[in-house]
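Shown next, in structure tokens, is the structure this report addresses.
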Amino acid sequence: MISSTATLRDLAWTPSSAAAAAELALDVTAVQWPLAVWIARHPWSSLEHMPFLEAMRRLQALGGVQLYPSWRLLQDAEARGEIDPNALEDRMNRYLDHHVPAPLRTAFARLQPRLTREEVELPISTEAAALAARTAARADLPLEALRFPLPSDDARPRVDAITARYLRLYLDRGQSAWPMPGREDGLFTAARALLMRDPALSKAERRRIAELPDDPDAVLAFGLERFKVHPRFAADYFRVHYLRMPGFVGALRYGDREVGGQGRLPREYLALRILLEWAVAGPDGAFAPHPDLTGLAKAASHVEGAEADVADALVLAVYRYVTADRYGVWLEAWEQTLDQHLMGSSETSVGDDAHPADAQLLFCIDVRSERLRRHLEALGPYTTYGCAGFFNLAVRTQPLDSAYAHPSCPAIVSPVACVQERATDEKAHRRRRKMSNAVRAMGLTFKKLKQASVGSLALPELSGAYLALHAVWQAFPRVSAHVRDVLRECLPAVPTRWEAVGETDGAPAQPNCAPAEPAHLFAEAAAQLFRSLGITTFSRVVVLCGHEAQVENQAHRAAFECGACGGQSGRHNARLLAAALNQEAVRRLLRDRHGLVIPDDTVFLAAVHITTTDEIEWVELAGMSPQQSRVWQQLDQDLRRAGANAAAERLEQLPGAEGRPAQREAVRRGHDWSEVRPEWGLAGNRAFWIGRLPSLDARLRGQVFAHDYDWRCDPDGSYLHAIVSGPVTVAQWINLQYYASTVAPHVHGGGHKALQTVTAGLGVMHGNASDLLPGLPWQSIAAEDGRLYHRPLRLTIVVEAPVARVALLLREHADFRRKVQNGWLRLFVRDPQSKRWWSGAEILAGAEA
Amino acid sequence: MVSGEWVQQTVSGAWHAAWGVSGMAAASCWRLRAPETRGRLLLAALALVACISITGLVATLDVPDRDARLGWAISIYIAALGLWIVAFSRRHLAGDERYGRYLAWMTWTLFFASAAWRADNAILFAACWAGMDVGLVRLVSLQRRSRAVRHVARAAWIRLAPSMAGIALLAGMCAWVSGRDSLRVGIAALAHHPHIAFFASLVLAAAALAQAGNVPFMRWLLDSAIAPTPVSALMHAGLVNAGGLLLARFAPVLEAGGILPRALLLAAAWASVAIGTGVLMIHADYKRQLIASTMAQMGLMLMECAVGAYAIAVVHLWLHGLFKATLFLRSGSAVPRPDEVLVTQEVPSLRVPWPALVGAAFFLAYALPHPADGLRLVLGLFLGAACAAALASAMALTVGRWIGAAITVLAGATALALRDELVRACEVLLGTPQPVDAQLATAAAALMALQAALYAWLRRHARRPYALRAYAWLAHMGDASPRAIEAQPMALERLTEEATL
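What follows is the structure, given as structure tokens:
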């Protein structure tokens, strides 16, 4: 029996040892970005050092949430033919070989088919119960067979409600008029001062709070001691607390990161939880993980007539299989079956140098770009490439009139410079600001009055009529879209210029801003970009195309925008790089330093792909010669047609959009404030193709991240290394975020869009109050309440390169190798020379041989 | 006169027919899951109801029947609101398992909310009021998979009972005192019996307070954030303000009941204003702020009714309905821009607090000429605060501050002028305006000033123990009860367990 008594008496917890245990426990949490700059990240990025199956088992035991697709979904997939019985057999055998210890294999192999295919429970006999009890008495019972009830679980709703209240009051920045008193002293101190006076706690509970020390780390030690937590389970105790509110903890970690607090905020969260637990449970409470006897007994009922010495181990193996691993086996079989679609994709005809393309276009790797690329390439002599949407420019961008310099790059990259948009004509700028401020003053007054103690009472009468007009206007989305465009053109256009900002400017320096020589920065970024894509020759017109979304009244708006640009539009990066590449200085640097020759009659343009309507908006049109202009006009026409085709194809999958004229419906969805599914965003993503965009199987359309890569231009494999470190990681984050939101929407999702409430300006809660839900809302992954749209499958990477190169990559890139080995990603390689497919497992096995 | 009667009866019949068509169209939507043509039919029927109501109002303008005019005006408002919100819900709730039920219950609830004011029969009135409350709770309880929703629905039945029971009791009293079932006659009869009118006024006050989610019946309103956005919009714009209309209709009874019931109503309404404003200033989540704002606004409306300014109260509840519904429906846009939430803005502090001084000057200029008019004092206080806020926001801008301030003040003045026109029109609708009770009005002004001073003082000394206690108490009061909160929305877990591709 797991004992937490005896040897503990002489062990005392100190604040620093408790803090160290809390640091360990952070591995079940992940940072959560504020809603305004929301980017997808998966909740388990610190757990990739262990195999996927093991990580899921552990999280299931600690958090009580099943993290696999449901049984019903799996059966439905099988009925539709998406899970091949042979694949299932194959996966069952592999599980047997890799995860079941050798002495148990024969016995387990007898049980495995029935356990996998049926969800039946056998009645528990007395022998089974006795066997279970004996197994539970093992000293080395693994974590996944334990249950971790907290001392305060009897009053769990109350504790969770009070925690949520104080956390959102603390995290608030400017949404409320009366900020939390004492917030500067820290979360724990401020919350404690208020809890001493909170009517939510009884007098006895408030007296118990007074017994706690003042320092949060000391409170951690206090909790560990008074709740008699065994040292083995100290970190698990904290993990369970973290898993109760993963969203808020993520937001606290973000806040901590911003101020450089080194983990203090999450520890204050734990201290607050211990405070509430102590108040509610008192000295009688104890944290005592106990074996899951019911589950073990159910597992034991399957094990009959086994030899005594292996019976225990067999029960554990069966328990592990039945509670978690068999769903993993089904998932793997599903993925394996659907990977066949990828293998069936043929090559597109590679454009040969004798007939160079009229124009080259660089799109983001986003799955929504794949449709437009395919339709465009079918319409004319164009070559499209996919690359990360920030075009290798890791900069902070600060648009005109904005006080915020946004890191317009993936979260794993830190920006190396700041670029600010400045007006070249100060008078025009001032005029424009006057006009826009005149209107903005009304909005600011509205916000101020809304929170005033007396003025708020006059607000409905002062603004009711205007808001009603606004509502009438919003009720006609297409009309309001037109009028908005017209009004925007009424504002005086201000010519602007982007400048790199450094400390010498007198403007307040933003963090991470080095006053780098901008031409070098752009040349470096462009060289890396073109080399990794394998672009050696340039056509007359080269377009850099970022992407953004046009959606109305969506809280998770940033989820539709470019994730590679930090959850905002990709237009600034496209414009910056295009403008730079048109400059003589940068081209000279490229030629002299990086060996890339750009012909004189090549012009770089910048555009942005509006993914909701599949339209292209031109952002930077440099001065063009007549030939270039001709090419551009034809390209513009072809892009419109391609966009219309792509929109028609895409709208077939949006519920309620079939049978309507595609362009009108797409524009309506983008501007309708009541529309709950304006576009699918990245839902459905499941593969990442590194190589030339293939002609995909029809079932894969709009589901593939496509990054161009030419292995012939990459002699030492460094570009492949960079692609795998950057874009593949971002895509994996997105994929697992969608996976988590689909299999566990109540913990890792984003709630129901009609029941959400934006909280503290940072995240959403569901209903009256809840955790600060970290993921994607239900409507983003489900077509309707009984039907999912996104298949919860993990990412498959396909690399088109000689297998020796990929083997080298796996040897050198430890992180990637770990992900492939532990089952977080699947890897396939198509050797372009031998046209043969290799799987990641084969390559790894070959490497070890 | 005969032809006038005939016109009114025709229009009335057409109105009933149009609502009948709407009700049946709503029923036919019961099993829908996504927007279809049947939904469009429902919208067309609601538009028809709105048009017929406008005709009805025009037809009764010169008829000395105050209740009929009020009934038509409210019918226009409710039909327009219903059209707007059902059109929004058609798309917003698409895919929900109870989509069709939402559309149906919204339509039926709106019918009851509107029919209550067109009914002259006391029993019909009580039935329609009960139907409205039943519809409200039903709409909240439709998300049945969630345990918290089931708890809130059960609690709402209990907490709305004073409202439903009170109206039933009132209808009974009207019928008993006058011996006839006409509400108009019953009200006139009640007004002649001061002792019964006293009791009836207390019941009226309780019913209005419960329906508006005010002290001491506020728990159901504060827990109601669990309803979907369009349902909340409907509730806050169309259903909680029935209390004000009730008091407007039963005004003679309130007059005859003496000063005590109205003073109690004033006190309870003011308490709601104070608590609602406090919760609004403390809480950080959008829907909770809107709910607290509704509580405060309904309190203000009931204060205006208690004082006797019924036209002002009715116009207030209409404008508030439009205001609140729009704010609820655009709750997806409540995410602040990055430069508002991620950058700490330096607010330039002014040496001389110009905005506050100008606001105070405005208040003095507006209110001093008529110091005895309590309502004018209250309005002056509000407008002074609004002026101060407008100036303070304009001062925060670097460019275009004077134009901005001018435009804001102009917009405010236009809105006020519109509101004054509406109040005049409403006074015509409601018949001869009764004089406002001067004592109560002055008391109201004093209470509002007290509230302003109290909050200013508490926020200035925010770290003192009594301010901490007030903060903790308001935060607790404004938050939903623990059983109405689910830290993880388990309904979604059940949905994903049952979902297929």
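Chains as they are written, first to last, in our numbering: chain X, 1 to 849; chain D, 1001 to 1501. Every residue, glycine too, gets a C-beta built ideally from N, C-alpha and C. All of these numbers come straight from a predicted model, not from anything done at the bench.
Buried or exposed: which applies to residue i, given that a residue is buried once 16 or more other Cβ atoms fall within 10 Å of its Cβ?
i, result
"Trp-1176 (chain D)", "exposed"
"Asn-685 (chain X)", "buried"
"Ala-1425 (chain D)", "exposed"
"Lys-298 (chain X)", "buried"
"Thr-424 (chain X)", "exposed"
"Gly-506 (chain X)", "With a pLDDT of 39 at Gly-506 (chain X), under the threshold of 50, the modelled position of that residue is not reliable, and no figure is offered here."
"Glu-548 (chain X)", "buried"
"Ile-1158 (chain D)", "exposed"
"Gln-510 (chain X)", "Here the model assigns Gln-510 (chain X) a pLDDT of 48, short of 50, so the residue's position is not dependable and the matter cannot be decided."
"Arg-497 (chain X)", "exposed"
Could you give the DSSP three-state label for residue i: helix, strand or coil?
i, result
"Thr-1500 (chain D)", "strand"
"Gly-1374 (chain D)", "helix"
"Trp-866 (chain X)", "Here chain X covers residues 1 to 849 and nothing more, so residue 866 (chain X) does not appear."
"Val-1007 (chain D)", "helix"
"Trp-824 (chain X)", "coil"
"Ala-12 (chain X)", "coil"
"Ile-535 (chain X)", "coil"
"Ala-109 (chain X)", "helix"
"Leu-491 (chain X)", "coil"
"His-766 (chain X)", "strand"
Residue i and residue j: beta carbons closer than 9 Å?
i, j, result
"His-1461 (chain D)", "Ala-1467 (chain D)", "yes"
"Gly-1243 (chain D)", "Ala-1207 (chain D)", "yes"
"Val-310 (chain X)", "Ala-107 (chain X)", "yes"
"Gly-1179 (chain D)", "Ala-1122 (chain D)", "no"
"Arg-478 (chain X)", "Val-667 (chain X)", "yes"
"Gly-1374 (chain D)", "Ala-1306 (chain D)", "no"
"Ala-1025 (chain D)", "Ala-1045 (chain D)", "yes"
"Gly-464 (chain X)", "His-1320 (chain D)", "yes"
"Leu-1110 (chain D)", "Ala-1079 (chain D)", "yes"
"Leu-693 (chain X)", "Asp-710 (chain X)", "no"
"Cys-183 (chain X)", "Leu-195 (chain X)", "Note on residue identity: the sequence assigns Arg, not Cys, to residue 183 (chain X). No, the pair does not count as a contact, with Cβ atoms beyond the cut-off."
"Ala-405 (chain X)", "Cys-418 (chain X)", "yes"
"His-866 (chain X)", "Leu-270 (chain X)", "In the structure as shown, chain X starts at 1 and stops at 849, and residue 866 (chain X) therefore has no counterpart that could be examined."
"Met-1132 (chain D)", "Pro-1230 (chain D)", "no"
"Asp-154 (chain X)", "Val-280 (chain X)", "yes"
"Arg-818 (chain X)", "Glu-48 (chain X)", "yes"
"Gln-32 (chain X)", "Arg-253 (chain X)", "yes"
In terms of DSSP beta bridges, what is residue i paired with?
i, result
"Leu-605 (chain X)", "X:Val-543"
"Gly-386 (chain X)", "X:Phe-363"
"Asp-1285 (chain D)", "X:Thr-759"
"His-707 (chain X)", "X:Ile-690"
"Cys-562 (chain X)", "X:Gln-568"
"Ser-402 (chain X)", "The partner list for Ser-402 (chain X) (beta bridge, DSSP) is empty, contrary to what the question assumes."
"Thr-397 (chain X)", "X:His-406 and X:Val-419"
"Glu-675 (chain X)", "Glu-675 (chain X) is not bridged to any residue."
"Thr-796 (chain X)", "X:Ala-687 and X:Arg-826"
Check: On the three-pair Cβ rule with 8 Å, is the stretch 365 to 374 of chain X touching the stretch 678 to 685 of chain X?
Finding: yes
Margin query: Check whether the stretch 163 to 170 of chain X and the stretch 747 to 767 of chain X are in contact - that is, three or more C-beta pairs closer than 8 Å.
Written below: yes
Check: Is it true that the stretch 76 to 89 of chain X meets the stretch 329 to 339 of chain X, where meeting means three or more beta-carbon pairs spaced less than 8 Å apart?
Finding: Under the 8 Å Cβ criterion, the stretch 76 to 89 of chain X counts as touching the stretch 329 to 339 of chain X, having at least three qualifying pairs.
Next item on the list: Would you check if the stretch 798 to 812 of chain X and the stretch 65 to 79 of chain X touch, i.e. whether three or more CB-CB distances between them fall below 8 Å?
Entry: no
Margin query: When you compare the stretch 724 to 740 of chain X with the stretch 1476 to 1488 of chain D, are there three or more beta-carbon pairs, one atom per stretch, that lie closer than 8 Å?
Written below: They do not touch, by the three-pair rule.
Notebook entry, point to check: Taking one C-beta from the stretch 435 to 448 of chain X and one from the stretch 594 to 611 of chain X each time, how about it: are there three or more such pairs within less than 8 Å?
Noted result: Result no; under three Cβ-Cβ pairs closer than 8 Å.
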